[in-house]
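Have a look at the structure below, then the notes.
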Amino acid sequence: LDYADYIYNLNEKEKAVNIYENTYFNTKNLDLAARAAMSLAKNLLSNEQVNKAIEYINTILKANPEYFGKDIPRSLELAKLFNQKGQFDISASIYEDAFAKMSKLDPSYEETLKDLALVLSHTNRPSDAKKYLDLYMDDYLDGKYLDEIKKASDEVFFALGDNNASFLHQRYTDLMKQYANKDENIANKALDEDVA
Numbered sequence: 001l002d003y004a005d006y007i008y009n010l011n012e013k014e015k016a017v018n019i020y021e022n023t024y025f026n027t028k029n030l031d032l033a034a035r036a037a038m039s040l041a042k043n044l045l046s047n048e049q050v051n052k053a054i055e056y057i058n059t060i061l062k063a064n065p066e067y068f069g070k071d072i073p074r075s076l077e078l079a080k081l082f083n084q085k086g087q088f089d090i091s092a093s094i095y096e097d098a099f100a101k102m103s104k105l106d107p108s109y110e111e112t113l114k115d116l117a118l119v120l121s122h123t124n125r126p127s128d129a130k131k132y133l134d135l136y137m138d139d140y141l142d143g144k145y146l147d148e149i150k151k152a153s154d155e156v157f158f159a160l161g162d163n164n165a166s167f168l169h170q171r172y173t174d175l176m177k178q179y180a181n182k183d184e185n186i187a188n189k190a191l192d193e194d195v196a
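Counting in the working numbering, the sequence shown runs from 1 upward without gaps.
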C-alpha cells in the first residue's frame with residue numbers, strides 16, 4: 001500500500017486505486033483492508049463522491065474501528081476531509097476513535113481535541129460536544145483555540161436541556177451581554193430562549 005500511496009501522489013491515481021481495491025476486496029487482514037478503505041475514501045472525497053466514501057468508512061467503523069487509533073495521521077486527515085464536506089457525524093466518529101488512542105504528549109493532541117469538540121458541536125450529540133469542549137477548556141486555560149472553543153460551548157449550551165429557571169435566566173443574560181457586539185446570532189438566541 002505504500003507503493004500505491006507513492007504512485008497515487010505521482011498522479012497515477014487509477015493504478016493506485018486498483019491496488020487499493022484489490023487489497024480491500026482480497027485481503028483477510030482487517031488492518032490492511034481498513035487502510036485500503038481509508039485510501040479509497042480519501043480518493044472518493046477528492047472526486048466529490050461523498051456517499052461512496054461514507055460506505056467505506058462505515059465498513060471500517062463496523063469491522064475494525066480501532067484501526068483509526070492505529071493510523072492516527074491518516075485518520076485525522078480523513079476526519080478533516082469529512083468535516084470540510086459537512087459530514088459531521090462520520091468525522092466525529094473517526095476523531096473519537098483516533099483521539100481515544102492519542103497521548104497528551106502528541107504534538108497534534110490540542111488541535112485534535114479542538115477539532116473533535118467543534119465537529120461534535122455540529123452533530124445531534126450536544127452532551128458529547130460539551131464533554132470535549134469542557135475538557136479543552138480545563139486542559140488549555142491559555143489554549144490557542146480557546147476563543148473558538150468558548151464560542152462553541154456557548155452555542156452548545158442552547159442544545160442542552162436544563163430546567164433550572166434562575167440559572168438559565170442568568171446564563172442567557174450573560175450570553176446576551178457577552179455576544180451583544182460580537183455575534184448577534186448567539187445574542188438573539190439567548191434573548192429568544194430567555195423570553196420563552
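Cβ coordinates follow ideal geometry from the N, Cα and C atoms, glycine included. Keep in mind that this is a model prediction, so the values were computed, not measured.
My assumption, with CB atoms under 8 Å, is that residue i sits in contact with residue j. Please give the rounded CB distance.
i: residue 65; j: residue 97; result: 5 Å
i: residue 63; j: residue 30; result: 6 Å
Check residue i in the structure and name its three-state DSSP category.
i: residue 87; result: coil
i: residue 102; result: coil
i: residue 14; result: helix
i: residue 1; result: coil
i: residue 71; result: coil
i: residue 96; result: helix
Less than 8 Å separating the beta-carbons of residue i and residue j?
i: residue 116; j: residue 95; result: yes
i: residue 200; j: residue 69; result: No information on residue 200 is available, as it lies outside the stretch 1 to 196 that the chain covers here.
i: residue 123; j: residue 88; result: yes
i: residue 40; j: residue 12; result: no
i: residue 119; j: residue 133; result: no
i: residue 121; j: residue 152; result: yes
i: residue 23; j: residue 33; result: yes
i: residue 85; j: residue 50; result: yes
Complete runs of the alpha helix (DSSP H) confined to the segment 106-166 [at least 4 residues]:
109-120, 126-139 and 146-157
Length-filtered (4 minimum) alpha helix (DSSP H) runs lying within the segment 7-66
13-26, 30-46 and 50-63
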